[in-house]
Amino acid sequence: MKPAFKITLVLLLLIGYCHACGLGGSKNDYQPPFADGALIYRQACADCHEGAHNIAPNLRNQGLTSEKVQRLVRRGKGKMPRFPNLTGDSLNAVGDFVAELK
Ligand code: HEC
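Per the numbering used here: the sequence shown = residues -13 to 88.
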């Protein structure tokens, strides 16, 4: 094995390990079908944030800004997982939707 190849292999293993150990809490691999905030909220958020499970704070009328919601979704917090597949338009859409929830 060439040294450069060995180094690459070790680096790949390290990256894989860090990914698996889930730096910064748990993650949720939900894939948005398209950038529809209401749909994403219903599929990925409502289970915890309202309804039967009810393990998370209600997001209605909280005066949340879209930016704050998006930050939570990117980073996760406490028992809330982060959502690495919610990015770009999908992340904007769900952020805007939750900020407007009444
Ligand atoms: C597995 C359950 C779970 C799921 C799924 C989940 N959340 Fe959460 N969320 C939580 C919990 C628990 C908290 C409270 C975290 C804390 O303060 O420790 C929270 C907190 C939040 C907050 C902060 C509320 C505030 O007033 O500060 C926002 C915003 C939020 N979640 C948005 C979302 C969005 C948007 C989604 C969907 C993409 C989502 N959450 C999915 C469990 C969840």
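All residues carry an ideal CB built from backbone N, CA and C; glycine is no exception.
Residue i to residue j span [Cα, whole Å]
i: residue 8; j: residue 69; result: Below a pLDDT of 50, predicted positions are generally treated as unreliable, and residue 8, at 44, falls in that range; the measurement from the model is reported next regardless. For residue 8 and residue 69, the distance between alpha carbons rounds to 12 Å.
i: residue 85; j: residue 32; result: 14 Å
i: residue 15; j: residue 60; result: 12 Å
i: residue 88; j: residue 50; result: 11 Å
i: residue 46; j: residue 37; result: 13 Å
i: residue 22; j: residue 72; result: 11 Å
i: residue 28; j: residue 11; result: 22 Å
i: residue 18; j: residue 48; result: 24 Å
i: residue 67; j: residue 58; result: 9 Å
Beta-carbon separation (whole angstroms), residue i vs residue j, contact threshold 8 Å
i: residue 83; j: residue 30; result: The pair is not a contact, with the Cβ atoms about 11 Å apart (cut-off 8 Å).
i: residue 56; j: residue 81; result: 4 Å
i: residue 79; j: residue 26; result: 6 Å
Beta-ladder partner(s) of residue i, from DSSP
i: residue 13; result: 68
Reduced DSSP secondary structure (H/G/I, E/B, other) of residue i
i: residue 77; result: helix
request  = Ignoring anything shorter than 3 residues or poking outside the region 15 to 71, list the beta strand (DSSP E) runs there in chain order.
outcome  = Along the length of the region 15 to 71, whole beta strand (DSSP E) runs at least 3 residues long do not occur.
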